[in-house]
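Peer 1: Take a look at the following structure, please.
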Amino acid sequence: MTATPIPATYRRPLRQRLAVTLEPWLYCAPVLILITAVMLVPLILGISYAFRDIQLLNPFSGGFVGLEHFKTLGQDDAFLRALRNTLWWTGASVFFQLAFGLILALLLNVPFAGRGLAQSLVFLPWAVPTFLAGLNWAWLFNPVIGPIPHWLFALGLMDEPSNILADPSIAMWGPILAATWWGIPFFAITLLAALQSIPKDLYEAASIDGASPIQRFFSITLPYLAPVIAITVLLRTVWVANFADLIIVMTNGGPADRTQTVASYIFTQAFKRLDFGYASAVALVLLALLLAYSMVILVFRQKLSNRDK
Amino acid sequence: MATMEIRSASKNYGTIRVLDDINLEIGDGEFIVLVGPSGCGKSTLLRMIAGLEEITGGEIRIDDKVMNALPPKARDIAMVFQSYALYPHMSVADNMSYSLRLRKTDKPTIAEKVRAASSKLGLDALLERKPKALSGGQRQRVAMGRAIVRQPKAFLFDEPLSNLDARLREQMRAEIRKLHRELGATSIYVTHDQVEAMTLADRIVAMHGGHIQQVGTPLDLYDRPANLFVAGFIGSPGMNFLKGNIADRQLHLHDGRSVALPETMPATMGDATLGIRPEHVVLSPAGSDGLEAAVELVEPTGHGIILHLTLAGEVFKVLTHDRVWLEPGPTVCVSFPEEALHLFNAEGVRV
Ligand SMILES: Nc1ncnc2c1ncn2[C@@H]1O[C@H](COP(=O)(O)OP(=O)(O)OP(=O)(O)O)[C@@H](O)[C@H]1O
Ligand SMILES: [Mg+2]
């Protein structure tokens, strides 16, 4: 050591100390400013709408109304029905996406000629814009131009070739079917990646131990996939619950609000009724519900993986 | 307990033939070791016996029943994998009892069998652990435990010790041998470690390039290797080879010198290879009888000394236990006891 030690009483000049303290903040500044500008400001602004009266058609609106929107919300039957519809829509869509995605992943994991091509084709629905997908399915369900009602009629499932989307009792199945078709690739691809990481010799060991293909699936494949399934279901649930495109395009919430979900309700309130304040309040409720749901799933997952250790 | 018979079995991957005309009979309770260099088809043969790999040609019989078309579970064999292949989501006890549970064995019997196997393998304290909380050696034992609980007709091992360190390998080797003596089950053990092969086997099957080169007891292979491949593969350090041609009961080396051959060997033969193991070579100081060879390197191994020499332009190794040879000088003389010589013809086959 050649440097002389600094005596304990020595203090650097103020300017130098200031520079040392500020230095890390200067490095972080660009990111902090960016995050504040593009994430925090809009978020806070959006949340603030929920407590204000903002209607585009009313030039005198804009005032602070406190919890007024939330009180209205509590008595809004359309909102409550939308909440129930959201549960149904999200649950069914995610369930079918998972079920068919898993089946597809298992099929694609078996070697066959042309597997590479099949794997890339499976990805295709994912690349179709949702708007287009919605229109496409709406046409398929339309008895004038689409084949589906005629098929259902031929199978005896329908008394006459009519439009599912126009029948209040079954209209929800239309968007659910479209969402399933559109969401299968996501599950198929993530689950396929997980399947391919399972060591082959586990299956070999199990088949020597005497396990049938189904027993192998339940004792090896499923435990391996469980964490991946948990996290993809979480992501998809949040995504599908927020996902209004297909419903807006296919049924616009109708008939008789039977396919109105919270997400499409927000869209209707904001862009049809132009009541941004109320729409923000609904959105805030949805946000709170989804946050609570994510928390539950994450805690559950944590428990699961702890038990695994 | 079972006998096994492999009749002109072969295996193709696409158009590539990786096993050709394999014939082997295995007696009840025998411990067979398959050895050979990497890629010679040992694992493939083992997996064909297990039913994990299709048999292209020929047939495999266990207890006189043709196994070709039967799935693994119908063959009643157990296999220990190189990677152990333990089920990661099951505890040690569940790993071991899996096959019994699949067979719907009743609970008390399962508990009894798992307990017996775990005490035999020293796993009693680990039964509740998951595989990832075990050391490599412990995992190896669990894999063995999983194989022995259901008392199969035969055990198959695919390089079960190759992921362990040298000391542990030695220990497990002895335990496998002991286990086999206790259980007496027919076993086929794949390794490319020839020490494992020599110490474990009742009979060794030496393989090379998809063919069986020789089948015999460890000492058979050591004392009377059937061809150049087996001669070079068995033994460490490997056998030395001197190339030349034989006339007047002498092997004439390419550098003009010659080695006298014993009476039992042919007097004339043309091109031939003479083999001698490093531990059988007799060393003497430079200037004595025998062939003079330059010393390249002296390798003390603790329990012996390996001299690397150059003889007739080839590497020639000598293993000695006499510490005099720690400083041998620039050249030494080597001579060969008659009974330690092996002679191979131009095709590499023993004569
Ligand atoms: N699925 C496969 N497709 C094509 N060739 C294969 C396949 N599996 C193995 N082989 C070839 O078969 C030959 C024998 O392989 P095998 O795994 O039996 O060798 P091994 O003797 O067990 O070698 P090692 O000691 O390295 O394990 C190798 O040449 C290998 O390249
Ligand atoms: Mg191998």
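In the order they appear, the protein sequences are chains B and F.
FYI, UniProt numbering numbers position 186 of the first sequence as 186, with every residue one higher than the one before it.
FYI, UniProt numbering numbers position 78 of the second sequence as 78, with every residue one higher than the one before it.
Glycine residues also receive a C-beta, built at the ideal position from the N, C-alpha and C atoms.
1. I'd like to confirm the pairing. Which residues does DSSP put opposite residue 271 of chain F in its beta bridges?
2. With a 10 Å radius around its C-beta and 16 neighbouring C-beta atoms as the bar for buried, classify residue 339 of chain F as buried or exposed.
3. Which residue from B:97, B:114 and B:64 puts its Cα closest to that of residue 187 of chain B?
4. How many whole angstroms separate the CB atoms of residue 118 of chain F and residue 145 of chain F, which I take to be in contact at a CB cut-off of 8 Å?
5. Considering only DSSP beta bridges, list what residue 32 of chain F is partnered with.
6. Residue 102 of chain F versus chain B: which residues are under 7 Å apart at the beta carbon?
7. Exposed or buried, residue 93 of chain B, counting other C-beta atoms within 10 Å across all chains shown (16 or more means buried)?
8. Check for me: the beta strand (DSSP E) holding residue 344 of chain F runs from which residue to which?
9. Please report the straight-line C-alpha distance between residue 109 of chain B and residue 231 of chain B, rounded to a whole angstrom.
10. In this structure, how does DSSP classify residue 181 of chain F when only helix, strand and coil are distinguished?
11. Using a Cβ-Cβ cut-off of less than 9 Å, give me the residues of the stretch 52-73 of chain F that come near chain B, in sequence order.
12. Could you check how far apart the C-beta atoms of residue 277 of chain F and residue 261 of chain F are, in whole angstroms? I think they sit under 8 Å.
13. Within 8 Å (strictly less), CB to CB, does residue 1 of chain B reach chain F?
14. Go to residue 336 of chain B, then tell me how far its alpha helix (DSSP H) extends in each direction, as first and last residue.
15. Should residue 1 of chain B go down as buried or exposed, given a rule of 16 or more other Cβ atoms within 10 Å for buried?
16. Using a Cβ-Cβ cut-off of 8 Å, state whether residue 61 of chain B counts as contacting chain F.
17. Residues of chain F with CB closer than 7 Å to the CB of residue 223 of chain B, please, in chain order.
18. So, are the CB atoms of residue 198 of chain F and residue 218 of chain F less than 8 Å apart?
19. Locate the alpha helix (DSSP H) running through residue 23 of chain B, then write down its first and last residues.
20. Does chain B have any CB closer than 8 Å to the CB of residue 79 of chain F?
21. What would DSSP say about residue 136 of chain B, mapped onto helix, strand or coil?
22. Enumerate, from N- to C-terminal direction, the unbroken beta strand (DSSP E) stretches of 3 or more residues contained entirely within the stretch 1-52 of chain F.
23. Put residue 1 of chain B into one of helix, strand or coil per three-state DSSP.
24. Which residues, in order along the stretch 169-203 of chain F, keep a beta-carbon less than 7 Å from a beta-carbon of chain B?
25. Could you check whether the Cβ of residue 193 of chain B sits closer than 8 Å to any Cβ belonging to chain F?
26. Is the beta carbon of residue 96 of chain F less than 8 Å from the beta carbon of residue 33 of chain F?
27. Have a look at B:61, B:32 and B:23 and flag the residue whose alpha-carbon is nearest the alpha-carbon of residue 277 of chain B.
28. Which residues in chain F sit within 7 Å of residue 229 of chain B, going by Cβ to Cβ distance?
29. Can you give the Cα-Cα distance for residue 29 of chain F and residue 115 of chain B, rounded to whole angstroms?
30. Could you check whether residue 160 of chain F and residue 138 of chain F sit closer than 8 Å to each other, using their CB atoms as the reference points?
31. Can you tell me whether residue 141 of chain F is helix, strand or coil according to DSSP?
32. Does DSSP put residue 339 of chain F in a helix, in a strand, or in coil?
33. Is the stretch 261-269 of chain B close to the stretch 49-65 of chain B, with three or more CB pairs under 8 Å?
34. Is it right to say residue 207 of chain F is buried, meaning 16 or more other beta carbons lie within 10 angstroms of its own, or is it exposed?
35. Can you name the residues of chain F whose CB is closer than 9 Å to the CB of residue 204 of chain B?
Peer 2: From the atom records:
1. F:245
2. exposed
3. B:97
4. 6 Å
5. F:188 and F:203
6. 209, 210, 211 and 215
7. buried
8. 342-345
9. 21 Å
10. helix
11. 52, 71, 72 and 73
12. The pair is not a contact, with the Cβ atoms about 17 Å apart (cut-off 8 Å).
13. Reliability of the predicted coordinates at residue 1 of chain B is poor, the pLDDT of 47 falling under 50, and the value obtained from them is presented with this limitation in mind. Not an interface residue.
14. A question about residue 336 of chain B goes unanswered here, because the residues of chain B that appear run from 1 up to 309.
15. Bear in mind that a pLDDT of 47 at residue 1 of chain B, under 50, signals an unreliable position, so the model cannot answer this.
16. no
17. 89
18. yes
19. 14-35
20. yes
21. helix
22. 4-13, 16-26 and 31-35
23. Bear in mind that a pLDDT of 47 at residue 1 of chain B, under 50, signals an unreliable position, so the number given afterwards is only what the model happens to contain. Of the three classes helix, strand and coil, the one that applies to residue 1 of chain B here is coil, per DSSP.
24. none
25. no
26. no
27. B:61
28. Ordered by position in chain F, no residue passes the 7 Å Cβ test against residue 229 of chain B, which lies about 14 Å from the chain.
29. 45 Å
30. no
31. helix
32. helix
33. no
34. buried
35. 47, 50, 52, 72, 79, 81 and 85
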